[in-house]
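When we follow the numbering used here, the leftmost residue of the sequence shown carries the number 12, and every step to the right adds one. Built from N, CA and C at the ideal position, the CB exists for glycine as well. Please read all numbers here as calculations on a predicted model, not as lab measurements. Scroll down for the structure; my scribbles are underneath it.
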Amino acid sequence: MALVSAKEMLEKARDGKYAVGQFNINNLEWAKSVLQTAEELKSPVILGVSEGAGKYMTGFKTVAAMVKAMIDEMHITVPVALHLDHGTYEGCYKCIEAGFSSIMFDGSHFPIEENIAKTKELVEVCKKKGLSLEAEVGSIGGEEDGVVGLGECADPDECKKIADLKVTILAAGIGNIHGKYPANWPGLRFDILAAIKAKTGDMPLVLHGGTGIPTDMIKKAISLGVAKINVNTECQLAFQAATRKYIEEGKDLVGKGFDPRKLLAPGTEAIKNTVKEKMEIFGSIGKA
Ligand code: 13P
Numbered sequence: 012m013a014l015v016s017a018k019e020m021l022e023k024a025r026d027g028k029y030a031v032g033q034f035n036i037n038n039l040e041w042a043k044s045v046l047q048t049a050e051e052l053k054s055p056v057i058l059g060v061s062e063g064a065g066k067y068m069t070g071f072k073t074v075a076a077m078v079k080a081m082i083d084e085m086h087i088t089v090p091v092a093l094h095l096d097h098g099t100y101e102g103c104y105k106c107i108e109a110g111f112s113s114i115m116f117d118g119s120h121f122p123i124e125e126n127i128a129k130t131k132e133l134v135e136v137c138k139k140k141g142l143s144l145e146a147e148v149g150s151i152g153g154e155e156d157g158v159v160g161l162g163e164c165a166d167p168d169e170c171k172k173i174a175d176l177k178v179t180i181l182a183a184g185i186g187n188i189h190g191k192y193p194a195n196w197p198g199l200r201f202d203i204l205a206a207i208k209a210k211t212g213d214m215p216l217v218l219h220g221g222t223g224i225p226t227d228m229i230k231k232a233i234s235l236g237v238a239k240i241n242v243n244t245e246c247q248l249a250f251q252a253a254t255r256k257y258i259e260e261g262k263d264l265v266g267k268g269f270d271p272r273k274l275l276a277p278g279t280e281a282i283k284n285t286v287k288e289k290m291e292i293f294g295s296i297g298k299a
C-alpha cells in the first residue's frame, strides 16, 4: 500500500470517536517498530518526523524512500501517513518535494496574520498534491528537537480563522507540553478545548505532547474532538530503559551480544509495546 494523506483516517477517527496516533520516528528501528505494531493491530498510523530527526536521518528524501520501501517490503496493508512534525515554512516545501503524504506547518510563533498567510498558501499547495495539512495556533509548552514553546493556550477565535482556511487538522495549545509533565502540571484545559471545538465545528483536532497524559484526560479530549494524538518522548524513554537494562545486565558481553541487531532488539521491542499501549488507549485498534 502507498503512503496516504491523513485526511480520511482522521475524519473516520473523528466520526468514530477514537484517535489515530502519530508516533515520531528517529531511525530504521523506530519506523520498523511502529509499522509492525500498526499492521499487527490493524490500526491506521501516522509516522511523525521532526526537522531534527529528518536531518539526523540524512534528509527528508532518505526518510520518504526508507518508509515507502518498508511499507512495500513489510507488506503493510494498513493506512500509513508520513507526516512532517512542527515544520518550518521551508521544511514544508522540502517534505512535499521529498514525497511525504502529510505536513504540519507550525506558524504558531508568527503573528496570527503571518501564520494565516503562510498557512493559506500551503493549503493550496497541499490541495493540489493531495496531502493533508496540520496547522497550529497557540504553542505547545516545552521543547522538542529545538522547537521551544511557552505553552500559551490557543485563542478559539484565532483557531476559527485558521480552520476557515480549510486546513485538514488543527493543533491548538491547551496546556499540553512536549516531554515529561512536571508533577505540578494542572492538566489539560478542557474549557479551552470545548471553546475551540465550538468555533471550529467538525475540524479534527490534534493533541500534541501525548507522553504521560493520563488515560482519562486522553479519553475526554477524544470526546471533545481530538482525532490525532502525538507521542514521541514515551517511545524514547521505553527504548532507553530497555537498552540500559540489556547493558547493565552485561548481555552485550555474552557471546555475540554486541551485535547491533541484538543490542537494539530490547529497545525496539519496548517501542512496540509502548505503541500498542497507546493504540489501545486511543481506540484505533482494528480501525484500519
Ligand atoms: P511528546 O514527546 O510529549 O510525546 O510529544 C510529541 C509531540 O507532540 C510531537 O509533536
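Which of helix, strand or coil DSSP assigns to residue i
i: ASP263; result: helix
i: ILE203; result: helix
i: GLY160; result: strand
i: GLY70; result: coil
i: GLY152; result: strand
i: MET214; result: coil
i: LEU142; result: coil
i: MET20; result: helix
i: VAL15; result: coil
Contact test: residue i Cβ vs the ligand 13P heavy atom, cutoff 7 Å
i: ASP227; result: no
i: THR244; result: yes
i: HIS97; result: yes
i: THR318; result: Here the chain has residues from 12 to 299 only, and residue 318 is not among them.
i: GLY59; result: yes
i: GLU147; result: no
i: THR222; result: yes
i: GLY190; result: yes
i: ARG219; result: Here the sequence assigns His to residue 219, which means Arg is not the residue at that position. Answer for HIS219: yes, Cβ within range of the ligand 13P.
i: GLU155; result: yes
i: ASN284; result: no
i: ILE151; result: yes
i: ASN37; result: no
i: ASN241; result: yes
Cβ distance (whole Å) where residue i is taken to contact residue j below 8 Å
i: HIS94; j: LEU58; result: 7 Å
i: ILE185; j: LEU204; result: 5 Å
i: GLU62; j: GLY102; result: 5 Å
i: LYS28; j: ILE233; result: 6 Å
i: PRO215; j: LYS191; result: The pair is not a contact, with the Cβ atoms about 26 Å apart (cut-off 8 Å).
i: ALA146; j: ILE173; result: 5 Å
i: THR222; j: GLU259; result: With a Cβ gap of about 24 Å, THR222 and GLU259 do not count as contacting.
i: ASP166; j: VAL148; result: 7 Å
i: SER54; j: VAL89; result: 6 Å
i: ALA64; j: ILE36; result: 7 Å
i: MET77; j: ALA42; result: 7 Å
i: LYS18; j: THR179; result: 5 Å
Residue i: CB within 7 Å of a non-hydrogen atom of the ligand MN
i: ILE233; result: Ligands in the displayed structure: the ligand 13P; the ligand MN is not one of them.
Going residue by residue through the stretch 220-298, where are the continuous beta strand (DSSP E) segments of at least 3 residues, counting only ones entirely within it?
For the stretch 220-298, whole beta strand (DSSP E) runs of length 3 or above, ordered along the chain, are 237-242.
Could you give the uninterrupted runs of the alpha helix (DSSP H) lying entirely in the stretch 33-97, keeping only those of 4 residues or more?
Segments of the alpha helix (DSSP H) lying fully in the stretch 33-97: 39-52, 62-67, 71-84.
Write down every uninterrupted run of the alpha helix (DSSP H) in the stretch 163-190 whose length is 4 residues or greater and which is fully enclosed by it, in chain order.
Fully enclosed alpha helix (DSSP H) runs of 4 or longer: 167-174.
Identify every run of the beta strand (DSSP E) within the stretch 112-143, keeping only runs that are complete inside it and at least 3 residues long; order them along the chain.
Scanning the stretch 112-143 for uninterrupted beta strand (DSSP E) segments of 3 residues or longer gives 113-116, listed from N- to C-terminal end.
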